[in-house]
Each structure stands twice: as structure tokens, then as C-alpha cells.
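One line per chain: the protein sequences are D and P, in this order. Residue numbers for the first sequence follow this note's numbering, so the first one is 23 and each next one is one higher. Residue numbers for the second sequence follow this note's numbering, so the first one is 23 and each next one is one higher. Have a look at the structure below, then the notes.
Number of protein chains: 2
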Amino acid sequence: MNYCSQCGAKVALKVPAGDNLPRFVCDTCLVIHYQNPRIVAGCIPEWEDRILLCRRAIEPQYGLWTLPAGFMENGETIEQAALRETREEAEADVELTSLYTVFSIPHISQVYLIFRGSLRSADFKAGHESLEVQLFRPDEIPWETLAFRVISATLQHYVEDRQNDGFRLHTGLILPTPC
Amino acid sequence: MNYCSQCGAKVALKVPAGDNLPRFVCDTCLVIHYQNPRIVAGCIPEWEDRILLCRRAIEPQYGLWTLPAGFMENGETIEQAALRETREEAEADVELTSLYTVFSIPHISQVYLIFRGSLRSADFKAGHESLEVQLFRPDEIPWETLAFRVISATLQHYVEDRQNDGFRLHTGLILPTPC
């Protein structure tokens with residue numbers, strides 16, 4: 023951030039009075055520009071004994087498999103965001119059943135909120151951000167070509183919970199990849 | 023938003039190519055400025071049969087009671103944010119036990135993530151954003167002077183679950199107050 027989005031003056035990085043973290047501050051119009059983590063909302067769409075994954079048609083991780091998920095928009099609930107992303111990426115209609123995983127990814131300031139959801143029909147197809155969408159049994163999940171570690175971690179919990187016949191909420195943390 | 027925070031040029035509100043929502047776009051440096059919901063993280067600090075509330079020393083809702091909670095910062099996990107807010111507002115040290123409520127407040131683009139937490143000691147006092155902090159039994163909760171409806175909704179679940187001796191995750195929605 024270089025300029026104040028309110029008045030166009032140059033901003034400075036400084037700790038405002040009463041605060042303890044540096045913020046971008048405008049000395050002209052006095053606005054403090056806070057920057058906060060973003061929420062990624064999505065779901066695990068279930069159909070009988072299989073789940074739906076999408077192969078990404080966009081960067082990053084073009085060509086790799088993921089769950090339908092994306093940035094929550096202003097004015098939405100987390101459930102609306104998860105349903106919208108599932109429609110956009112897989113043209114699929116699900117009924118959300120429960121919040122399933124909450125992962126913090128502090129090094130990129132993101133929080134993933136992933137629901138379980140029941141597909142209302144097997145009528146789905148690749149949306150414009152997907153190359154293809156496909157149902158996988160747990161033993162068919164393409165672990166080597168998943169797009170993101172948060173997706174692998176979510177699916178690992180899912181496979182284990184399904185084996186144990188006991189789904190529960192999981193919270194967790196994704197750390198940076200070692201260099 | 024009036025000016026591009028990257029280059030200082032005027033921004034325009036328009037739907038970018040491949041998108042379906044209006045965004046603030048800079049036609050000079052081509053940056054798209056996305057705006058997304060913010061996370062408020064906090065906890066219900068428990069001590070024996072009581073919970074800790076804070077009376078706000080800041081606006082909005084100066085003088086009213088709330089749970090320790092505040093905006094999650096970049097670079098944090100949700101757990102770190104909840105612990106930090108509890109330290110800042112109540113100078114209290116808790117051990118988080120489980121994520122308890124997840125409330126969307128779409129009209130102000132916020133998502134509240136509130137944990138249950140066990141106070142490690144009864145050594146707490148008002149932080150600089152609190153007028154006072156106090157332990158309340160469920161039947162002492164000051165319902166009429168709570169600061170926010172999301173806090174009332176969270177505490178209603180808490181009181182009910184404790185009566186039923188069965189705590190579970192709750193997800194919910196706070197709508198605008200009728201005019």
C-alpha cells in the first residue's frame with residue numbers, strides 16, 4: 023500500500039496512537055488502513071460413497087485437484103459463500119450438513135471454512151474455473167495431484183472420520199512449506 | 023474507495039472481465055481491489071461455574087458488556103487472535119477448549135468465531151479497552167446491557183447447552199435490526 027484509498031495522499035507505515043502494530047496511516051485525512059485475513063469458504067460435496075473434486079482451470083495450481091472453495095464476498099454468510107463457490111466451480115447444488123474444518127494459514131493470512139454437503143443430484147459439470155469435475159471414492163482421491171495442503175489435510179480428516187464412522191469438527195493450522 | 027492504494031490514480035467501480043461483481047478497479051496500474059469480510063475472534067473464558075465478561079471502554083457500545091473478542095490480524099491463527107484479544111481486554115490467560123460459535127453478520131461483512139476457554143487462574147483485570155471485567159454465573163448474565171446481538175446469541179446457546187450438559191458447535195446468522 024502506497025496511497026490512501028480515501029484521499030489519494032501518500033500513506034506511511036506507523037503504529038497509531040493506542041495501537042501496538044504498524045498500520046498504513048494517512049496523515050492527510052487521518053484514515054487508518056487496517057488489513058485483515060481473508061476467509062475461503064467451500065464444501066466437500068458428497069454423493070453416495072463418493073465426493074466431488076474439481077480440477078483447476080486457473081492459477082495458482084492450474085491442472086491440480088481441489089474442493090470447490092473460494093474467497094467469501096462482502097454481504098454473504100459463510101454458508102452462502104460455500105454454496106456459491108460450489109455452483110460456480112462445479113455447477114453443483116448441495117445441501118450443507120455441517121461445518122467440518124476450520125484451518126488457519128497465517129503465513130498467507132487466510133482462514134479456510136469447509137462444510138460437508140450432500141449433492142442434491144448427480145447433475146454437475148465443470149464451471150468456468152474448472153477443467154473437469156469428478157466423483158472419487160476415498161481410495162481414489164488423487165493425493166499426489168491435490169492443489170493445496172489445506173485441501174489434503176481436510177480430505178485426510180474426512181477419510182479417517184469416514185473409516186471411524188464419526189465425523190466431527192476439526193480445527194488446524196497450515197505452516198509454510200520448509201525451504 | 024476513491025484512489026488506487028498501489029499507484030494513487032482514481033479508481034472506478036466496475037465488473038472486471040471474468041468476474042460477476044463490481045470491484046474497485048484501477049485503469050492505470052490494472053490492480054483490482056477486492057474487499058472481503060473480516061473475522062472477529064474471541065472466547066468465553068470459564069472459571070468454575072462462571073464466565074468472564076468485559077464492560078467496554080470504547081465505542082461502539084461504550085459501557086456495555088461483551089465477551090473478549092476483536093478483529094483477527096494478518097499473520098495470526100484464529101486461536102492466537104482469540105487468546106490475544108482475551109489478554110488485551112481482560113488481561114486473562116485461558117486455555118482454549120473448542121470452537122463454539124460461528125456467526126455470519128452479512129450486513130456488516132463480519133464473521134464471529136468464538137471459542138470456549140478455561141481461565142488458567144482468577145488473576146485478571148480490565149485491559150485498556152475495558153472499564154471492568156467480572157465473572158458471572160449464567161443466571162447473572164446482564165442480558166439487558168450486552169453490547170452486541172451476536173454476543174447475546176452466543177451466550178444464549180451457552181446457557182442452554184450448559185443446562186443440557188451438552189456443548190456443541192453452533193453456526194448462525196445475525197440479521198440487521200428492523201427499523
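Think of the CB as a built atom: it goes at the ideal place given N, C-alpha and C, for glycine as much as any other residue.
8 angstroms contact criterion, which residue i and residue j should meet: CB distance rounded
i: A91 (chain P); j: I136 (chain P); result: 7 angstroms
i: S174 (chain P); j: R77 (chain P); result: Not confirmed; about 15 angstroms, so no contact.
i: P82 (chain D); j: Q132 (chain D); result: Not a contact, Cβ separation roughly 13 angstroms.
i: V47 (chain P); j: K36 (chain P); result: 5 angstroms
i: L191 (chain P); j: L191 (chain D); result: 5 angstroms
i: H179 (chain P); j: T108 (chain P); result: Incorrect: roughly 19 angstroms between the Cβ atoms, too far for contact.
i: V181 (chain P); j: Y134 (chain P); result: The pair is not a contact, with the Cβ atoms about 17 angstroms apart (cut-off 8 angstroms).
Residue i, buried or exposed, once every other Cβ within 10 Å from all chains shown has been counted against 16
i: E111 (chain D); result: buried
i: Y128 (chain D); result: Correcting the residue identity first, residue 128 (chain D) is Pro in this sequence and not Tyr. Buried is the call here.
i: I80 (chain D); result: exposed
i: W87 (chain D); result: buried
i: Y84 (chain D); result: exposed
i: T50 (chain D); result: exposed
i: A34 (chain D); result: exposed
i: A169 (chain D); result: buried
i: L141 (chain D); result: buried
i: I130 (chain D); result: exposed
i: E101 (chain P); result: buried
i: L52 (chain P); result: exposed
i: T99 (chain P); result: buried
Contact list for residue i against chain D, beta-carbon separation under 7 angstroms
i: L191 (chain P); result: L121, L191
i: L157 (chain P); result: Neighbours of L157 (chain P) on chain D: none; closest Cβ ~26 angstroms, over 7 angstroms.
Option in the options with minimal Cα separation from residue i
i: D115 (chain P); options: P:A148, P:F158, P:S143; result: P:S143
i: H121 (chain D); options: D:V133, D:G139, D:Q132; result: For clarity, residue 121 (chain D) is Leu in the given sequence; the question names His instead. That would be D:G139, whose Cα lies nearest to the Cα of L121 (chain D).
i: Y94 (chain D); options: P:P82, P:E98, P:S126; result: For the record, residue 94 (chain D) in the displayed sequence is Met; it is not Tyr. It is P:S126.
i: H150 (chain P); options: D:V133, D:M23, D:L89, D:N42; result: D:N42
i: S27 (chain D); options: P:Y56, P:A39, P:H179; result: P:Y56
i: E113 (chain D); options: D:R106, D:L141, D:F189, D:F146; result: D:F146
i: L74 (chain P); options: P:M23, P:L177, P:C29, P:T193; result: P:L177
i: Y25 (chain P); options: P:R45, P:P198, P:A39, P:D71; result: P:R45
i: G97 (chain P); options: D:C201, D:I196, D:N96; result: D:I196
i: T167 (chain P); options: P:L89, P:G40, P:I54, P:V53; result: P:L89
i: E70 (chain P); options: P:P200, P:R184, P:C29, P:W165; result: P:R184
Contact list for residue i against chain P, beta-carbon separation under 8 angstroms
i: Y84 (chain D); result: Within chain P, no residue comes near Y84 (chain D); the closest Cβ sits about 15 angstroms away, beyond 8 angstroms.
i: F93 (chain D); result: Y56, N58
Partners in chain D for residue i, counting only beta-carbon separations shorter than 9 angstroms
i: G188 (chain P); result: Residues of chain D passing the Cβ test: none, with the nearest at roughly 14 angstroms.
i: P128 (chain P); result: N96, G97, E98, T99, Q102
i: S27 (chain P); result: M23, N24, Y25, C26, S27, V33, F46, H55
i: V124 (chain P); result: I100, L121, V124, L135
i: L195 (chain P); result: T99, E101
i: G139 (chain P); result: Neighbours of G139 (chain P) on chain D: none; closest Cβ ~13 angstroms, over 9 angstroms.
i: G30 (chain P); result: N24, Y25, C26, G30, A31, K32
Within chain D, the residues that residue i reaches when beta carbons sit closer than 8 angstroms
i: I61 (chain P); result: N58, P59, I61, V133
i: L52 (chain P); result: Under the 8 angstroms cutoff, chain D gives no residues; its nearest Cβ is about 15 angstroms from L52 (chain P).
Chain-ordered neighbours of residue i on chain P, where CB pairs are closer than 9 angstroms
i: C279 (chain D); result: Outside the displayed span of chain D (23 to 201) sits residue 279 (chain D), for which this structure offers no information.
Under 7 angstroms from the C-beta of residue i: neighbouring residues of chain P
i: L43 (chain D); result: E95
Residue i: CB within 7 angstroms of a non-hydrogen atom of the ligand SAM
i: L177 (chain P); result: Absence of the ligand SAM from the depicted structure is noted, as is the absence of any ligand whatsoever, leaving it without description.
> Per the contact definition of three or more C-beta pairs closer than 8 angstroms, is the stretch 58–75 of chain D in contact with the stretch 143–162 of chain P?
Replying inline: no
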